[in-house]
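Remarks on the structure that follows.
Protein chains: 4
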Amino acid sequence: MQIEIDPLSPVPLYQQLRDRVVEGIAGGTLRPGDQLAPVRQLAARFGINVATVSKGYDLLRAEGLVRSNRSAGSVVARGPRSATAEEAAWSSADRDAWAGRLATVLAEGVAQGEQDETIVAAAKEILSGFAAQRRNGGER
Amino acid sequence: MQIEIDPLSPVPLYQQLRDRVVEGIAGGTLRPGDQLAPVRQLAARFGINVATVSKGYDLLRAEGLVRSNRSAGSVVARGPRSATAEEAAWSSADRDAWAGRLATVLAEGVAQGEQDETIVAAAKEILSGFAAQRRNGGER
Amino acid sequence: MQIEIDPLSPVPLYQQLRDRVVEGIAGGTLRPGDQLAPVRQLAARFGINVATVSKGYDLLRAEGLVRSNRSAGSVVARGPRSATAEEAAWSSADRDAWAGRLATVLAEGVAQGEQDETIVAAAKEILSGFAAQRRNGGER
Amino acid sequence: MQIEIDPLSPVPLYQQLRDRVVEGIAGGTLRPGDQLAPVRQLAARFGINVATVSKGYDLLRAEGLVRSNRSAGSVVARGPRSATAEEAAWSSADRDAWAGRLATVLAEGVAQGEQDETIVAAAKEILSGFAAQRRNGGER
DNA sequence: GTGGTCTAGACCACA
DNA sequence: GTGGTCTAGACCACC
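Chains as they are written, first to last, in this note's numbering: chain W, 8 to 147; chain L, 8 to 147; chain X, 8 to 147; chain V, 8 to 147.
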């Protein structure tokens, strides 16, 4: 998968990395079982420090999206459909926090004068973009 | 309007302040032309520094949501429907950046296993919450 | 509070720090609202790196036991009795993981020939030790 | 006995193996005198390296739970009740270390808001689970 | 070769 | 002055 990070962004590098991986999982570029690039390799590619990449992976691990194995590298642990009833993917607190973040982003659109329908349409478009990617085997 | 900020949140105070004002505008608690509380008063109410409040207002000004006059203090410049006529609300770059933030939040939900329909429903619920507030005259 | 860490232990330093703080919270030495020592100060006291202390605080933050504030330091967020029904302190997955760790430790005692009653007694003693500390105002 | 190990767990494989054997002894699946599976066989079954299995057995030997004879392979040396008569089961240092680990786990429960009674109940339930297994001849 | 841990710095953001 | 971010290294544990 081809991901980019922006060293000039105010968003921390490890956070950007985490965001890109999350998007990759949502879009099916990264599927459960897929290997993530080794921390060193990723660090070299982006010209950033290993520890920074590692911290990004830490986040993903904490979210349950990735699992790491000292010898076999890191693999994607979860995907768009792997959440079942038995293994509650999200704690309710985490889901609430997510809903709060969503509300803040949506409020921004509303405040800027976007119509509700336009916003919903934008969200649907993004989601169907992810879905289309998944159907195409994760190709961009 | 009654807003709350959490000094222990990882989100910077000025950012929280900005977020709450944005939500106030989206929900109609704050309408175009309304005065924002003077920085000193707000700083006193929250027990935080004037500079922090000021920085939050700066953000809102940069986003075009608030306008400051020497004499009249800060007033809300834009509202849920004012974009259509008054002025070009967003630069396309700003809109794109917003869409990117939205995509990141949505991707998180997808990656955690939420169904697309569930996510759209959550978004609609949030938006209709704002709309209901506006109809009620911004009362919570 | 007086805590010690052992640089020769196989347990990572940041993990030891986290364990000691958890025990401090259980024993009431650290109560909700109490300030934790600044990372730099703790690092200097133990002769370890700031990043290491920081990682320990990261863990505690992830567990919801501590909250940090850039300017005002880190404070204890939760205590032996602050878990109420509304704010589900633990996700069920976290609780299950904890029960698993408990089972492993108990199995060890059983395998080494300790009687069940002896083990339960040991556990009760530890717990009442914590409770006694809390009653004594967290004094050791 | 049927044991499972998870290659993606943060817990080292040899440690998992050791934990499972300890639990097997506690639950009576493995009784004093029983043979442990040969390292090669176990390694093949799990698809892991012989050295890894060997390291797990080393731990058990160091804890006095397993004894290795040149000819007879590794046999379980101790069981839930063999401590009383046969030999001094634990050095007091080992027992203290174990109590420390137990205290850390219990502290975590307390800090997360579990009631002492709930914790004791959980421990009793785990212990009686082991006892029940032993009565059933170690069958799961 | 993989990730995990740790050091000794530095600079920045926040309040 | 607080924590957050990041670097450039090093060594270790695991497999």
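We treat Cβ as the ideally placed atom computed from N, Cα and C, and that holds for glycine.
Inter-residue spacing [alpha-carbon to alpha-carbon] between residue i and residue j
i: residue 56 (chain V); j: residue 23 (chain V); result: 14 Å
i: residue 9 (chain W); j: residue 25 (chain W); result: 14 Å
i: residue 135 (chain V); j: residue 112 (chain X); result: 15 Å
i: residue 122 (chain V); j: residue 52 (chain V); result: 42 Å
i: residue 142 (chain X); j: residue 102 (chain L); result: 57 Å
i: residue 30 (chain X); j: residue 115 (chain V); result: 7 Å
i: residue 169 (chain X); j: residue 73 (chain X); result: Outside the displayed range of chain X (8 to 147) lies residue 169 (chain X), so it cannot be described from this structure.
i: residue 119 (chain X); j: residue 97 (chain V); result: 7 Å
i: residue 62 (chain V); j: residue 37 (chain W); result: 35 Å
i: residue 140 (chain L); j: residue 132 (chain L); result: 12 Å
i: residue 81 (chain V); j: residue 15 (chain V); result: 27 Å
i: residue 88 (chain L); j: residue 71 (chain L); result: 14 Å
i: residue 42 (chain V); j: residue 35 (chain W); result: 47 Å
i: residue 54 (chain X); j: residue 124 (chain X); result: 42 Å
i: residue 47 (chain V); j: residue 144 (chain V); result: 27 Å
i: residue 65 (chain V); j: residue 39 (chain W); result: 35 Å
i: residue 108 (chain W); j: residue 99 (chain X); result: 23 Å
i: residue 104 (chain L); j: residue 104 (chain W); result: 22 Å
i: residue 69 (chain V); j: residue 83 (chain V); result: 13 Å
i: residue 18 (chain V); j: residue 75 (chain W); result: 11 Å
i: residue 79 (chain X); j: residue 79 (chain W); result: 41 Å
Proximity winner among the options, relative to residue i (alpha-carbon distances)
i: residue 77 (chain V); options: V:45, V:52 and V:53; result: V:45
i: residue 12 (chain L); options: L:49, L:82 and L:58; result: L:49
i: residue 85 (chain X); options: X:27, X:67 and X:99; result: X:67
i: residue 130 (chain V); options: X:106, X:132 and X:71; result: X:106
i: residue 59 (chain X); options: X:99, X:139 and X:21; result: X:21
i: residue 128 (chain V); options: X:118, X:110, X:144 and X:119; result: X:110
i: residue 138 (chain X); options: X:33, X:17 and X:19; result: X:33
i: residue 28 (chain W); options: L:117, L:144 and L:124; result: L:117
Beta-bridge partners of residue i, as assigned by DSSP
i: residue 42 (chain W); result: W:82
i: residue 75 (chain L); result: L:81
Any non-hydrogen atom of the ligand ATP within 7 Å of residue i CB
i: residue 121 (chain L); result: The ligand ATP is not among the ligands present in this structure, which contains no ligands whatsoever.
_Residues of the region 28-39 of chain X in Cβ contact with chain V at a cutoff of 7 Å, in chain order, please._
If the cut-off is 7 Å between Cβ atoms, the region 28-39 of chain X has 29, 30, 32 and 33 near chain V.
*asked:* Counting only Cβ-Cβ distances shorter than 8 Å, please list the residues of the region 67-88 of chain X near chain L, keeping chain order.
replied: 74, 75, 76, 77, 79, 82 and 84
*Identify each residue in the region 97-112 of chain X for which the Cβ-Cβ distance to at least one residue of chain W is less than 9 Å, and report them in chain order.*
97, 98, 99, 100 and 101
*What are the residues of the region 37-56 of chain L that lie near chain X, defined by any Cβ-Cβ distance shorter than 7 Å?*
none
*For the region 110-143 of chain L, which residues have a beta carbon sitting closer than 7 Å to at least one beta carbon of chain W?*
110, 111, 112, 113, 114, 115, 116, 117, 118, 119, 120, 123, 126, 127, 129, 130, 131, 133, 134, 137 and 138
*Please name the residues in the region 10-22 of chain V whose beta-carbon is closer than 7 Å to at least one beta-carbon of chain W, in chain order.*
14 and 15
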